Structure formats: structure tokens, C-alpha cells
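The block underneath contains the structure these notes are about, expressed in C-alpha cells.
Protein chains: 2
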Amino acid sequence: MIDRVLSLLEEKRYPEVKKTFLSMHEADIAEIFDEVSDSETTLRLFRLIPKDNAAEVFSYLDADVQQRIIEALTDTELKYILDGMYLDDYVDMVEEMPANVVQRVMKNSSSKNRGLINQYLNYPEDSAGSLMTCEYVYLKKTLTVREAFTVIRNTGIDKETVYTCYVTSPERKLEGVVSVLELLLADPDKRIGDIMTTSPICVHTMDDKEDVAKMFSHYDLIALPVVDKEERLVGIITVDDAVDVLQEENTEDFELMAGMSPSEGTYLKTSVWSLAKNRILWLMILMVSAMITGSLLESYEAAISAIPLLVTFIPMLMDTGGNSGAQATTMIIRGLALDEIELKDVFRVWWKEVRVAATVGVALSAVNFLRIVIQYHSDPNCVRIALTVSLTLIATVFIAKSLGCLLPMLSKKLHLDPAVVAAPMLTTITDACSILVFFNIAIGLLGQLM
Amino acid sequence: MIDRVLSLLEEKRYPEVKKTFLSMHEADIAEIFDEVSDSETTLRLFRLIPKDNAAEVFSYLDADVQQRIIEALTDTELKYILDGMYLDDYVDMVEEMPANVVQRVMKNSSSKNRGLINQYLNYPEDSAGSLMTCEYVYLKKTLTVREAFTVIRNTGIDKETVYTCYVTSPERKLEGVVSVLELLLADPDKRIGDIMTTSPICVHTMDDKEDVAKMFSHYDLIALPVVDKEERLVGIITVDDAVDVLQEENTEDFELMAGMSPSEGTYLKTSVWSLAKNRILWLMILMVSAMITGSLLESYEAAISAIPLLVTFIPMLMDTGGNSGAQATTMIIRGLALDEIELKDVFRVWWKEVRVAATVGVALSAVNFLRIVIQYHSDPNCVRIALTVSLTLIATVFIAKSLGCLLPMLSKKLHLDPAVVAAPMLTTITDACSILVFFNIAIGLLGQLM
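Protein sequences, first through last, are from chains H and Y.
According to the working numbering, the first sequence holds residues 369 to 818 in order.
According to the working numbering, the second sequence holds residues 369 to 818 in order.
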């Protein structure tokens, strides 16, 4: 479909592009803009979108495309688009724009929207307040069901979701919710106050947006009311925004766990410089730590000169330690993120990892022992070397799995993101441990040769 | 709240438990069962749930708790619970149960449900069919809006979501959708056929459930119709199930990327044995690969004996290579999973990584060069050693970043999960490369000393 539109566009068959747009979803139309890079074509393409869909397509566009379009549209066109957008998309857009574009947007916003946007921009980026929209249906509890339907009919068309209506007191305090299904099934003369569900699940404007997103999957919700400090209803959050937050938080965890600062945009739109900047800090910290680990080897120069074979086991010990730790830490960080593991489970978790470490460690050691004894059977010390390697391996796996579960939990306890003590940092720590253990066991078992 | 119920239960204050349940959400009641381990208390607690909520609480329980309850309930009680469950939860439950429990469930199911479950169990686990529910509202296009409301009123109470109604032909082919909002805003005498949206977005029963879940976040949907090969409507998928799929797929990627086979249940409920089993395969493969890397060092024994200092740089080179690769591969795997990167972008992606590698590699090398020259300034060869390490580092970062972006894309091209060529495997490959590069440069620059 996208390719078809692009080729129609190239051949300047504009009426056909327009016709194709009629049968396409707004999200798909927005995707076409990713393939267009010059401002002129972008604008031409945007003007071919049916008027009724333009605002919605615009909401789906990436910030850089939105900016290009805002800069090119006339004031009248811009006003039309802005008026058609949902407030939460509007706020998202304004947050991404540079100051001069924001100015142009604000100039073309209705004074009501201007006021609302200013208010919304004051919520911290990670708060529930920054996610919400104020476009919802609210009802008084003294209304009848029949009157409620009239309210929905009159205001519904502008609302992001009308299927849950919020019942508020004259002071705008949230008193209850009623679903459209309940309204449909109720006697039209009943009062809203009699059929509403009281004390509904709600969140506060300053709640963390990740926690809010998790509530959607915990309670299977499609919308959630947001109240301020005085328990007054100020907005709602819809499930589509919650899904976006979940995906963003997952991406952030993936990035942190690979030793990177989280990035804002998508990979292809992030500049080389930003990518490098996000990566260099952890690489540098970890490199310096690994230098220190390396320096440990200097103290064992005598051992290495006496038995050069020992050096050949270092990569295997380091990698296995790193991998064992990465497995444990990933399971724990994920478990904490999904609330499947809580801090009070720390002993259970550690005991589990100890037993896993024992099982895995013994199996890996056995394979190593056999391979060393077989490969170096001509060496009179082969059994002692094999024993050194195998014992180090068990110790390394034990240390890696223990730290792998304890460090993320400690980090959570200290109110840090558990994902920062993931594989990269753990590898560096277990590397140092395994080298120390290895040479100390070697000196114990093979000391007479050194 | 959970602690309060548990202490009330311990003091046998059952009427108060019952009263507390009345004000709790079903998902929260279900959480209490995680804290109870014996079957008798589980059953007692379950019987205290208000009758109207019991089926829904049951749907939220973990499979092992469900099984314990099914085994303990009387036939009458079981039948009551099963009748109250949504079909998709019902199917999920049956999929998790051992054969003897399934038999008991089937015996107590209505014949209609039995038939449907058998049909649903035939869909592959990863297909859209396995996610769907058949509880939705369908309308004929000849109905008026007024008549449509009667249909919704009569059937709506059993439906998981009534806010999108599906319009089907007499052969059950999907012809359009109409939202309750559209019905509310329409003239009551209009025909459904005139107000419905034709050719709605839909999926096929055999579509991959991950793709289906992504459609929800792409199009901001709350429900999606599912059709069979003949384009007949057979069910719908709701957004709550799509969110669960997204989270499961993310967890699976986290596990694969840390070198583990994906696990089925939550961490705390997975046995030590299963955890060990999921981890050992990759640990073993990677260990054997690292052994081979280690063996490479044997060929450089002369170099190591001549300049033992060289060994101390190995941990730093290995770790930095591993970390650089992990960063690239994580960004690419995540980008592929979110459809932000496509296979056709392979050259753009690689070129980006090359430039990042150059920036990062030069910075890291510079730091290394300075530290070696300063730390070992008394060694007459310190500049040449520093140069060896720095050049190796640049090469390692380049190799790691290149493979880190190319391997996941190659893996996708071969229809494998890109997440399997993540950090652990990449570390092993770059380790071998960096050791080869390091000693070859060393022999070139410092050969006269060996």
C-alpha cells in the first residue's frame, strides 16, 4: 500500500492518492511520511489527506515530520489541524517541539487549549498527569439514565473514550463511575447515583506513569481516572497510552541492561553522536574496571611464567561467569519489573539461585575436568590443573548467580533502577572474582611448581 | 489490604473477610491466594468470595491455584464457576491443566462450551485463534439502530466487550463494524448497513499473536475481529489479552538475550530444576566456544613469556568488545521487535554503527594509550605496547559493533528470532577476534622482543 501511494505520488496522480487515503487507516497513512524526506513532498502529501482525517494522521506522525509540517502550513490550516487533535496528543507534540515551533502552535491554539496545555506541561514527564487527557464524559449523580444519554450524545463526539462515564460532586470530587453498558442495561428513569460503582480505582496526577501503566494490565482496564491532591477529577488515561508507556519502559530496560543510557527516539532517527554519547559513559566505566581486573594478573606473573597453560583458561572462566550472572540478573530484573518478585522474597530468590548455581556449576565443571584431563593427559599435572579450573568454575558460577540476584534487589531497595546493575556491570565484578579465585586455588594446588 | 485479609482469616473472622472482599477488585483478591499454600485454606478463602465475583477472581488466579481449587470444589460449585467465566480465560485455563483436571472441567462444562473449547484448543499456541473469545455482539445490517440497542441489551451482559459491534452477512462473513458511540449518535431509525464502517481491520485465526498484539499498539485499538480462511467472523481479541502478549514477548526476548530458553511461569513458581535446564544449554555452548578462544592463547605462548604484561590487557579487551557488541545488538534487536528497523535498512544501520564504533573506539583507545604510557613509562617499550592495545581496541569495537548489528538482521532474514544472537553469543565471537588481533599486532610491533 505504502509503495503504491509513493509511486502514485511520483507520477503526480494526486486524485488517486486522495482516493487511496480514503480506505487507509490513519496510522498507516502516517507511516508513508517516514519514506519521504523533503519538506515539499511532505507538505504536498499531507494536503492530500481527507480533511476529516488530517488531524488524526498528524497525531500519529513522528515529531520531526510534525515539525516540518507545522513550519510549512498556513495559519488557517494549522488551526484546523490543532482543533481536531485530542488534547493528550497535542501535549505530547508540544513537548517534543523546539521553542519557536511551540510559539507558532500556541498562537494558533484556542485560548482554552492554550490554558490546558500550559497546565499539562507543568506535570513531570514521568507522572500520570503528563499522560492524561481531559476529554471524558462526566455526569452528576442526580441525573437519570435517560438524561445521561443526552449528555453523552451532546459531548461524546469530542471524547477519546465515552464508554466509562465519571460521576463527580459539585466540587468535582470523583464519586463513582458508570459504564455505558450499565447505562444501556438500566431502567431509563433510574438515577445515576443509584447505579454507579462507588470508590472506583483511580490514580493521582503525580503517580509514576510506569506504575499506572502496570495497573492497566493488572486490572484489565481501558481507561483510568486521574485525581489531584484534593481528590478532584482532572483527567483520564486511556489504555493506548498505557501500552505505549509499557513498551517505552521495556525499551529503557533493554538499553540500561546493555549498559547504555536510554535514548529518546527510534534507532534510525537517533544521530550517530547521540548514540555514541549514550554508549560511551558505561563503556568507559566498565573499561576502567576491567583494567583493574587486568592489573590483578600482574601479581600472578610468577604463576603464569611457571605454567603458561593457566592463561588459556581465563577467557572461558570470564565468559562463563559473565553469562551465568547475566542469566540470574535478567530473570530478577524482569521479575521485579513485572512485580512477580518483591523485595521481601530476597532470601527465597537467593536460595533458588544457590541451588541453580550448584546444579549448573557442577555440570559445567565436570565437562571442563574431563576435557582438560583428556586434552592434556601427557602433562603430569593435568589432574591438578583440571581440579583448579573446575573448582574455580563452581566458585565463579556461585558468585555470579548470587550477585546476579542480590545486586538488582539491593539496587531496588536503594530506590535505584534495578536494570543498571545488569550483565555488563556484573561481568566486570565476576571477572575480578574469578581471576582472584583461580590463581589462589592454582597457587594452593600447584604452588610447588612456581 | 492483603495482610489484613490474611490476619482476619487466621483469626477465623470469616464474615469480615467476606465483607472486605466486597470492596476489593477481583485482581487484588486473586493476589491473596499467592500467600496461601495449603489446599484447605485456599478452598476456605475461595468460598468466602461473593458468588457474583467468584468466576472472575478464579480467572485471575495462577494455574496451580486454579488446579488446587478445581480438585477441591464440588461438581455444583465447579459448574457455577465455569459458567461464569469468559471463554478466552476458560481456554487459557484448560491449556494449563493436566489431563485428569481437564477431564473434570469438561465433565462440568455445558455442551456448548465443551464444543467451543475443543475447537479453540486446535489453534496453535502462538496464533491469533488461541487468543480470541467468541463473546461479542454481532448485528445484521438490515437492523435499525433502535433494534441494535435491543440486541445489545439482550446479549451484552455476557460479552467481554460490547462497545464495538460486528456486522455479518447471513454466511457470517465480516462486513463491517459499528461502535456503540456511533449508534448513540445516530438516528434510531437508520439502518446499521448505512452507518457501519466497511472493510474493518481484522486478523486471521492463524496469524502470529505477536503481530496481532503489535497491531493494537499501532492502531490504538480496544478490540480486533478474527476471521477464518473463508473470511467468516469467528471471534474477537480484546486489548487486555494483547497487552499480556506484548509483555510475554518482551520477557521472552529478555531471556533469550541473556542466553536462556524462555520459561513458562513466573520466576518464583519455576522449579530450580527448570531454571537450571533453561540455562545450561547456552552456558555449555558458550563455555565450549570460550574454551576454543582460550586455546588460541596457546599459540602465543612465546609472546606471553617474552612480555607477560600483554596478558593483563586481555580482560579489558574482552570485556570492552563484549560490552560494545551488546549495546549494538540490543538496539538492533529491540528496533526489529518494534518494527522501527526493517531488513532493507541493513546498510544504513551498519554505516551508523561504523561511525559510532569510530567515535567510541577512538575515545576508549586514547584513554588506554595515555594510561599505559603513564603507568609503564619506565618500560622502554611502553609506547609500542600502548599502540598495540589501542589499535586492538579500535578493531575490537569495530568488529563488535558490526557483528552486533549484522548478526541479528541476518538471523531475522533466516526467519530465526533475532534475540538469539544477542550479547552472550556475540561476546564469545568478539573475544576470539580480539585475541587474534591483539597478538598479531603485538607480534608485528613487538616481534623483535619475542
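Cβ atoms here follow ideal geometry from the backbone N, Cα and C, with glycine treated the same way.
If you're wondering where the values come from, they're calculated on a predicted model, not measured in any experiment.
Query - C-alpha distance - A496 (chain Y) paired with A581 (chain Y), whole-angstrom precision - result: 9 Å
Report task. Go ahead and pull the three-state DSSP assignment for V470 (chain Y). Result -> helix
Requested in this report: Give the residues of chain Y in contact with Q615 (chain H), contact being defined as C-beta atoms less than 9 Å apart.
Outcome: Within chain Y, the residues near Q615 (chain H) are S585, L614, N618 and L706.
Report task. For chain Y, find out if any of its Cβ atoms is closer than 9 Å to the Cβ of D588 (chain H); answer yes or no. Result -> yes
Requested in this report: Between the Cα of M461 (chain H) and those of H:K480, H:T442, H:S479 and H:L499, spot the shortest distance and give me the residue it belongs to.
Outcome: H:L499
**Report entry** Proximal chain Y residues relative to A467 (chain H), where beta-carbon distance stays under 9 Å
**Finding:** Correct list: empty, because the minimum Cβ distance to chain Y is about 27 Å.
**Report entry** Test: R593 (chain Y) CB closer than 9 Å to a CB of chain H
**Finding:** The sequence shown places Pro at residue 593 (chain Y), not Arg. No, P593 (chain Y) does not count as interfacial toward chain H.
Query raised in the report: the region 370 to 393 of chain H: which residues have C-beta closer than 9 Å to a C-beta of chain Y, in chain order?
Result: S391 and H393
Query - Limits of the alpha helix (DSSP H) - the one that V735 (chain Y) falls within - result: V714 to Q743
Requested in this report: Please check the pair I437 (chain H) and V425 (chain H), which I expect to be a contact at CB under 8 Å, by giving their CB distance rounded to whole angstroms.
Outcome: Going by Cβ atoms, the distance from I437 (chain H) to V425 (chain H) rounds to 10 Å, so no, they are not a contact pair.
**Report entry** Any alpha helix (DSSP H) of 4 or more consecutive residues that is wholly inside the region 575 to 628 of chain Y
**Finding:** Listed in chain order, they are 577 to 587 and 607 to 625.
Requested in this report: With a cut-off of 8 Å on the beta carbons, I'd call S673 (chain H) and P676 (chain Y) a contact; round off their distance for me.
Outcome: 6 Å
Report task. Go through the region 379 to 465 of chain Y residue by residue and report every complete run of the alpha helix (DSSP H) that reaches 4 residues or more, in order. Result -> 382 to 390, 394 to 400, 407 to 415, 419 to 428, 431 to 440, 443 to 452 and 455 to 464
Query raised in the report: In chain order, what residues of the same chain have a beta carbon less than 7 Å from the beta carbon of T819 (chain Y), not counting five sequence neighbours either side?
Result: The question about residue 819 (chain Y) has no answer, for chain Y in this structure spans 369 to 818.
Query - Beta-bridge partners of Y534 (chain H), as assigned by DSSP - result: Answer is H:Y506 and H:V545.
Query - Within chain H, partners of A567 (chain Y) - CB distance below 8 Å - result: Residue identity check: residue 567 (chain Y) is Ser in the sequence provided, not Ala. Here the neighbours are S391.
Requested in this report: Helix, strand or coil for T688 (chain Y), going by three-state DSSP, please let me know.
Outcome: Shown here, T688 (chain Y) sits in a helix according to DSSP, grouped into three states.
Query - Nearest-angstrom Cα separation, counted from T566 (chain H) out to K509 (chain H) - result: 11 Å
Requested in this report: Tell me where the alpha helix (DSSP H) around C773 (chain Y) begins and ends.
Outcome: Note, C773 (chain Y): alpha helix (DSSP H), C750 to K781.
Query raised in the report: Buried or exposed: which applies to L643 (chain Y), given that a residue is buried once 16 or more other Cβ atoms fall within 10 Å of its Cβ?
Result: buried
Query raised in the report: Does the region 675 to 692 of chain Y come close enough to the region 777 to 797 of chain H that 3 or more CB-CB pairs lie under 8 Å?
Result: yes
Query raised in the report: Under three-state DSSP, which class holds R702 (chain H)?
Result: helix
Report task. Under 8 Å by Cβ, that's how I've got V530 (chain H) and I590 (chain Y) pegged, so tell me the actual separation to the nearest angstrom. Result -> Between V530 (chain H) and I590 (chain Y) the beta-carbon gap is near 12 Å, outside 8 Å, which marks them as no contact.
Query raised in the report: Is there at least one Cβ from chain H nearer than 9 Å to V656 (chain Y)'s Cβ?
Result: yes
Query raised in the report: How long is the line joining the alpha carbons of M474 (chain Y) and N691 (chain H), rounded to whole angstroms?
Result: Roughly 45 Å separates the two Cα atoms.
**Report entry** CB contact below 9 Å: G603 (chain H) versus chain Y
**Finding:** no
Query raised in the report: Given that a residue counts as buried once 16 or more other Cβ atoms are within 10 Å of its Cβ, and exposed if not, what is S477 (chain H)?
Result: buried
Query raised in the report: Would Q695 (chain H) count as contacting chain Y if we go by Cβ distances under 9 Å?
Result: Interface flag for Q695 (chain H) against chain Y is set, since a Cβ pair is found closer than 9 Å.
Report task. On the DSSP bridge assignment, give the partners of S495 (chain H) in chain order. Result -> H:D576
Query raised in the report: Is there contact between the region 719 to 732 of chain Y and the region 759 to 773 of chain Y, where contact requires at least three CB pairs shorter than 8 Å?
Result: yes
Query raised in the report: Listed from N- to C-terminal order along the chain, which residues in the region 542 to 570 of chain H have their beta-carbon within a distance smaller than 8 Å of any beta-carbon of chain Y?
Result: Flagged, chain order: V548, L549, L552, L553, S567 and I569.
Query raised in the report: What residues match up with R559 (chain Y) in a beta bridge as DSSP calls it?
Result: R559 (chain Y) pairs with Y:T512.
Query raised in the report: Do you know whose CA, among Y:V730, Y:A731, Y:S733 and Y:T697, lies nearest V717 (chain Y)'s CA?
Result: Y:T697
Report task. Tell me, please, whether the CB atom of W718 (chain H) is closer than 9 Å to any CB atom in chain Y? Result -> no
Report task. Keeping to the same chain, check which residues put their C-beta closer than 7 Å to that of E781 (chain H); ignore five residues upstream and five downstream. Result -> Here the sequence assigns Lys to residue 781 (chain H), which means Glu is not the residue at that position. Contacts found: L711.
**Report entry** Cβ neighbour criterion (16 or more within 10 Å) applied to Q615 (chain H)
**Finding:** buried
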